[in-house]
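Order-wise, the sequence lines are chains A and B. According to full-length UniProt numbering, numbering within the first sequence proceeds without interruption in unit steps and concludes at 239. According to full-length UniProt numbering, numbering within the second sequence proceeds without interruption in unit steps and concludes at 239. Even for Gly, the Cβ is constructed at its ideal location relative to N, Cα and C. Note that the structure is predicted; figures quoted are calculated from it, not measured. One structure is given below, encoded as structure tokens.
Number of protein chains: 2
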Amino acid sequence: MAGPAVNAPDPTLSKAQRSYRYIRERINDGRYVPGFRLVLGQIAKELDVSVVPVREAIRLLEAEGLVTFERNIGAQVAMIKETEYLHTMQTLSIVEGAATAMSAPHISADHIARARAINERMIDCLGDFDPHSFTALNLEFHSVLFEECPNPHILDLVHRGWNRMNVLRDSSFSFVPGRARASVEEHEELLRLLEADAPALEIELAARAHRTRTLDAMLAYQAEHKRAAPVGELDATSA
Amino acid sequence: MAGPAVNAPDPTLSKAQRSYRYIRERINDGRYVPGFRLVLGQIAKELDVSVVPVREAIRLLEAEGLVTFERNIGAQVAMIKETEYLHTMQTLSIVEGAATAMSAPHISADHIARARAINERMIDCLGDFDPHSFTALNLEFHSVLFEECPNPHILDLVHRGWNRMNVLRDSSFSFVPGRARASVEEHEELLRLLEADAPALEIELAARAHRTRTLDAMLAYQAEHKRAAPVGELDATSA
DNA sequence: CTATTCCAAATGATATACGATCTGACGGCG
DNA sequence: CGCCGTCAGATCGTATATCATTTGGAATAG
Numbered sequence: 001m002a003g004p005a006v007n008a009p010d011p012t013l014s015k016a017q018r019s020y021r022y023i024r025e026r027i028n029d030g031r032y033v034p035g036f037r038l039v040l041g042q043i044a045k046e047l048d049v050s051v052v053p054v055r056e057a058i059r060l061l062e063a064e065g066l067v068t069f070e071r072n073i074g075a076q077v078a079m080i081k082e083t084e085y086l087h088t089m090q091t092l093s094i095v096e097g098a099a100t101a102m103s104a105p106h107i108s109a110d111h112i113a114r115a116r117a118i119n120e121r122m123i124d125c126l127g128d129f130d131p132h133s134f135t136a137l138n139l140e141f142h143s144v145l146f147e148e149c150p151n152p153h154i155l156d157l158v159h160r161g162w163n164r165m166n167v168l169r170d171s172s173f174s175f176v177p178g179r180a181r182a183s184v185e186e187h188e189e190l191l192r193l194l195e196a197d198a199p200a201l202e203i204e205l206a207a208r209a210h211r212t213r214t215l216d217a218m219l220a221y222q223a224e225h226k227r228a229a230p231v232g233e234l235d236a237t238s239a
Numbered sequence: 001m002a003g004p005a006v007n008a009p010d011p012t013l014s015k016a017q018r019s020y021r022y023i024r025e026r027i028n029d030g031r032y033v034p035g036f037r038l039v040l041g042q043i044a045k046e047l048d049v050s051v052v053p054v055r056e057a058i059r060l061l062e063a064e065g066l067v068t069f070e071r072n073i074g075a076q077v078a079m080i081k082e083t084e085y086l087h088t089m090q091t092l093s094i095v096e097g098a099a100t101a102m103s104a105p106h107i108s109a110d111h112i113a114r115a116r117a118i119n120e121r122m123i124d125c126l127g128d129f130d131p132h133s134f135t136a137l138n139l140e141f142h143s144v145l146f147e148e149c150p151n152p153h154i155l156d157l158v159h160r161g162w163n164r165m166n167v168l169r170d171s172s173f174s175f176v177p178g179r180a181r182a183s184v185e186e187h188e189e190l191l192r193l194l195e196a197d198a199p200a201l202e203i204e205l206a207a208r209a210h211r212t213r214t215l216d217a218m219l220a221y222q223a224e225h226k227r228a229a230p231v232g233e234l235d236a237t238s239a
């Protein structure tokens with residue numbers, strides 16, 4: 001009787017698209033963990049649709065690498081192997097670096113200020129031991145820098161990479177103790193380069209290294225603590 | 001009665017996958033030109049399947065950016081705008097550059113020799129005015145360099161970029177007179193860098209520049225000849 | 001007790017049928 | 001003459017039904 005439900009889905013959205021968002025949301029927020037079986041009929045019932053649109057949604061998620069789907073076997077949230085994960089990270093470092101460099105000439109003082117404010121809040125999270133907010137803010141920080149990216153195509157690759165990384169955020173090898181503090185410092189360094197209108201290549205390599213160092217730290221951490229229970233301190237977040 | 005048909009599709013392939021390949025093949029070889037309407041029922045009849053798998057195939061092609069699909073309107077081969085095309089090229093230059101640099105440490109003398117042989121044949125094509133073979137060999141050349149790429153994820157991005165480029169190979173702004181000869185010279189230069197075990201960054205930037213120069217040449221050509229009928233000489237091929 | 005075979009339930013894959021929406025043409029009205 | 005409403009055809013979107021495959025366990029033989 002009253003207004004529409006708070007989270008009422010856009011009625012102009014097709015059922016296939018609704019299914020897509022439904023599943024994707026659950027993968028992103030961790031309700032569907034890697035290995036979780038996505039049964040067509042079951043999800044269809046949950047959404048009160050038939051299996052056809054659900055199937056379409058799952059196929060698209062498969063194309064993004066978030067889901068694996070085998071003929072006559074079924075679909076499950078991707079259980080990304082460590083090497084695959086590292087490959088994704090490596091690719092992401094390259095793509096993000098380039099996207100940052102492309103965006104650099106279009107970044108205003110306002111963008112810098114907003115990004116810096118976010119980075120300050122990340123420092124707060126460090127003190128409060130709040131890895132969840134830290135990770136969210138980290139994405140926000142980079143999103144601000146990408147707002148004016150002139151090349152939507154490369155931004156799309158960035159987002160795909162983020163999604164793929166996100167599938168595994170609970171997995172042991174996506175955490176790197178001791179990186180969070182270094183991360184915020186690198187953010188500040190990056191902002192200084194942007195403010196100083198540094199050469200594009202310099203910015204690109206700095207942004208790339210920002211993620212590469214996380215990757216390296218992960219590898220080193222893996223080598224030392226083979227399957228040791230992670231963490232205790234914050235820092236339990238990729239950056 | 002005799003052996004299986006020459007191009008008999010793998011019977012273990014699902015009908016959805018068959019449809020996917022069917023359509024994609026036609027987009028890639030130009031039988032379906034940009035703007036060509038893909039009517040579900042029609043393609044379903046051609047393949048003797050129902051519309052459901054065809055629909056699935058088209059959705060996947062849409063996700064790859066090869067097809068556009070509008071609700072209740074239909075699908076058509078993507079008519080990629082010039083700016084989109086340039087964005088794809090720009091992204092591709094970055095991704096290819098990185099993939100080349102990653103592959104460099106794993107490239108053997110044999111790979112170099114094979115790549116060089118292909119490049120020689122490209123020179124022949126230059127003399128024979130054979131743009132079609134030239135383009136095909138160009139892909140082969142780079143494929144050889146990517147054979148040992150340790151990161152399949154970034155290779156996937158390369159292939160997606162190539163496919164997207166390929167959709168438009170007949171479109172006026174994908175041709176750049178005067179580039180073919182420079183292209184084979186840059187190939188040779190790249191091979192020399194690889195033979196000399198040049199630093200990764202140097203190789204990356206050289207490979208990136210190889211495509212970027214084509215991009216720049218395209219832009220310059222566009223600026224001069226606004227919509228003039230292209231070509232006459234070979235060179236009518238991206239490199 | 002173990003290995004093997006076979007069957008039934010679960011699940012995916014696809015065909016068919018129906019409903020919804022868009023497009024373009026036709027004809028009346030201003 | 002041009003604008004607008006209506007209608008028919010085309011096409012997509014989805015539900016339902018049916019077929020095919022897999023899987024796990026029960027029954028049976030060794």
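query: Considering just the uninterrupted stretch of the beta strand (DSSP E) at residue 68 of chain A, what are its terminal residues?; result: 67–70
query: Closer than 8 angstroms, Cβ to any Cβ of chain A: which residues of the stretch 62–93 of chain B, in chain order?; result: 63, 64, 71, 84, 87, 88, 90 and 91
query: Would you say residue 107 of chain A faces chain B, with C-beta separation under 8 angstroms as the test?; result: no
query: Name the two residues that bound the continuous beta strand (DSSP E) containing residue 144 of chain A.; result: No beta strand (DSSP E) holds residue 144 of chain A; the alpha helix (DSSP H) holding it covers 131–146.
query: I want to verify the contact list: residues of chain A whose CB lies under 8 angstroms from the CB of residue 52 of chain B, in sequence order.; result: 52
query: Could you tell me which chain B residues have their CB closer than 9 angstroms to the CB of residue 131 of chain A, listed as they occur along the chain?; result: Per Cβ cutoff of 9 angstroms: no residues; residue 131 of chain A is ~26 angstroms from chain B at best.
query: Spell out whether any CB of chain A is found under 8 angstroms from the CB atom of residue 43 of chain B.; result: no
query: Step through the CB atoms of chain B and report whether any lies within less than 8 angstroms of the CB of residue 151 of chain A.; result: yes
query: If distances are taken between C-alpha atoms only, which option among B/64, B/153, B/180 and B/27 comes closest to residue 102 of chain B?; result: B/153
query: Starting from residue 167 of chain B and walking both ways along the alpha helix (DSSP H), at which residues does that stretch end?; result: 152–167
query: Could you check whether the Cβ of residue 198 of chain A sits closer than 8 angstroms to any Cβ belonging to chain B?; result: no
query: Taking its Cβ as the centre, do 16 or more other Cβ atoms sit within 10 Å of residue 31 of chain B, making it buried, or is it exposed?; result: exposed
query: Mapping the DSSP letters down to three states, classify residue 198 of chain B as helix, strand or coil.; result: coil
query: Around the C-beta of residue 106 of chain B, are 16 or more other C-beta atoms found within 10 angstroms, so that it is buried, or is it exposed?; result: exposed
query: Which residue from B/193, B/180, B/98 and B/91 puts its Cα closest to that of residue 133 of chain B?; result: B/180
query: Hey, quick one: how far does the alpha helix (DSSP H) through residue 39 of chain B stretch, first residue to last?; result: No alpha helix (DSSP H) contains residue 39 of chain B, which DSSP labels as neither H nor E.
query: With a cut-off of 8 angstroms on the beta carbons, I'd call residue 89 of chain A and residue 211 of chain A a contact; round off their distance for me.; result: 7 angstroms
query: Please determine if the stretch 60–68 of chain A and the stretch 11–30 of chain A are in contact, where contact requires at least 3 C-beta pairs separated by less than 8 angstroms.; result: yes
query: Whole angstroms are fine: how far does the CA of residue 93 of chain B sit from the CA of residue 136 of chain B?; result: 18 angstroms
query: Would you list, in chain order, the members of the stretch 111–139 of chain B that have their beta-carbon closer than 9 angstroms to a beta-carbon of chain A?; result: none
query: Is residue 104 of chain A closer than 8 angstroms to residue 56 of chain A when the C-beta atoms are compared?; result: no
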